[in-house]
Ligand SMILES: NC(=O)c1ccc[n+]([C@@H]2O[C@H](COP(=O)([O-])OP(=O)(O)OC[C@H]3O[C@@H](n4cnc5c(N)ncnc54)[C@H](OP(=O)(O)O)[C@@H]3O)[C@@H](O)[C@H]2O)c1
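Numbering (the numbering used here), first residue to last: 4 to 445.
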């Protein structure tokens, strides 16, 4: 009887997983089309084979003759639940939750997670502004968001492009946004890119800072500084129940694989490794957490040691800086008379976006790992859900925390432990360095 119940539960779970499987195969096919290679199709075929095996093993366990069968079935079950089938465990916003009347600005809003965030916010009634570096892609994305709208929200590109690799562009963009928008309630710092794993030397921003750190951290930090007065401004007819403003910083679970920040930025004399030469030369960190991540199948950084889809250590450092920045913003004392501003860091998990175009994920050599990796890949509309939580969940539940890829809140001290932690002291020191940089180069 117990067996019958277990099999019924298994059947239900498999049905849910089947929908996700179909979605994943569609992603693999479109990846193949986008990248002009057949690796996506091969990956999809391998994935289907893998899934069939995974679904078959529990049935075999029902007639288990040996403890090996039971062990295999248990492993298959865990793979299915934590890999293919994490959807049911992912944070979902309440149906009634609304962002009506809220103004949201999203960087890197023309593709991937940023575009999904724009759609999610606009669909919940927000007035969304898209920040992009290409005006053409921005207008197209805004049109796509408007098309997807069911509710009363709106979507518009900001009149000036935003190139985070140039602090002058950031300043011009912030000024243009202030002219265009009357208020700002939610700032989503999402734009990002993965440095090519085969780059021979680190690239630099217009101000000579290593590109990943300069764009994803310093550029976003300047944007936040310039828009903070708007976030902190209390609406004219303020009431005690006025919702706080929010800063959502999109980091990555890969931040836990970065080397300690102080060894690259603060150690030694002068500016430390701002130009990224030392960081770029590091081998990606191999730690038990990389193994854990590999087992959970969530992040490609875990594969970097295998020479597959590796992220550069400069990317990992920038993502760690994102977490420290979010912590520092979350620990700022409330200014008298200012509106409260929440700060949340988010690790969206492994999401199928253009960010992997340069990663080797679609190369033929990576096919087998690609198939394995695809198990854990989410489409952007699912990957964005932790960000949606940061944008709209109860203030105290998302302030000064790190939301992981399932949308669960973690204290900063509990994340990026492999990187030596994301301590408050380190966060404060990073902000000092950043302030100095912005003053001298901005
Ligand atoms: N996808 C994942 O699995 C994953 C996992 C963990 C974290 N993340 C993080 O999620 C964020 C969004 O990435 P995604 O996966 O959605 O990638 P994506 O589809 O490639 O989108 C990245 C966006 O950032 C913009 N961007 C890149 N460089 C910029 C610059 N210098 N100035 C202004 N905008 C710039 C891109 O604009 P263009 O179109 O002009 O290039 C694009 O709109 C990133 O911060 C990434 O680190 C992603």
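Here a beta-carbon is modelled for each residue, glycine too, at the ideal position from N, C-alpha and C.
From the DSSP output, which residues share a beta bridge with residue i?
| i | result |
| --- | --- |
| residue 132 | 108 and 159 |
| residue 401 | Looking at the DSSP assignment, residue 401 forms no beta bridge with any residue, so it has no partner. |
| residue 262 | According to DSSP, which records beta bridges pairwise, residue 262 is partnered with nothing at all. |
| residue 381 | 354 |
May I ask which residues mark the beginning and end of the alpha helix (DSSP H) holding residue i?
| i | result |
| --- | --- |
| residue 411 | Residue 411 -> no alpha helix (DSSP H), and no H or E assigned at all. |
| residue 435 | 427-444 |
| residue 316 | 316-333 |
| residue 284 | 280-284 |
In this structure, how does DSSP classify residue i when only helix, strand and coil are distinguished?
| i | result |
| --- | --- |
| residue 121 | helix |
| residue 347 | strand |
| residue 387 | coil |
| residue 140 | helix |
| residue 418 | coil |
| residue 392 | helix |
| residue 149 | helix |
| residue 115 | helix |
| residue 341 | coil |
| residue 126 | helix |
| residue 268 | helix |
| residue 303 | Confidence in residue 303 is poor, its pLDDT being 41 and thus under 50, which makes the residue's placement too unreliable to answer from. |
| residue 312 | Low local confidence applies: a pLDDT of 40 at residue 312 is under 50, so the model's placement there is unreliable, and no value is given. |
Is it true that the region 115-131 meets the region 180-194, where meeting means three or more beta-carbon pairs spaced less than 8 Å apart? Cβ pair count under 8 Å is three or more, so yes.
Would you check if the region 146-159 and the region 210-223 touch, i.e. whether three or more CB-CB distances between them fall below 8 Å? In this structure the region 210-223 does not lie against the region 146-159, because fewer than three pairs of beta carbons, one per stretch, are closer than 8 Å.
Runs of beta strand (DSSP E) wholly within the region 169-256 (minimum 3 residues, chain order): For the region 169-256, whole beta strand (DSSP E) runs of length 3 or above, ordered along the chain, are 189-192 and 248-253.
Under 8 Å, with one C-beta from each stretch per pair, do the region 219-236 and the region 342-353 reach the 3-pair mark? These segments touch.
Is the region 319-333 touching the region 255-267 in the sense that three or more CB pairs, one from each, lie closer than 8 Å? Counting C-beta pairs with one atom in each stretch, the region 255-267 and the region 319-333 have three or more that are closer than 8 Å, which means they touch.
Tell me whether the region 406-419 and the region 383-390 touch, counting them as touching only if at least three CB pairs, one residue from each stretch, are closer than 8 Å. Contact between the region 406-419 and the region 383-390 is present, with at least three C-beta pairs closer than 8 Å.
Decide if the region 243-252 is in contact with the region 203-211; the criterion is three or more beta carbon pairs, one per stretch, under 8 Å apart. The region 243-252, when compared against the region 203-211, does not touch it at the 8 Å Cβ threshold.
Is it true that the region 166-180 meets the region 138-154, where meeting means three or more beta-carbon pairs spaced less than 8 Å apart? Inter-segment contact for the region 166-180 and the region 138-154 is absent: fewer than three beta-carbon pairs are separated by less than 8 Å.
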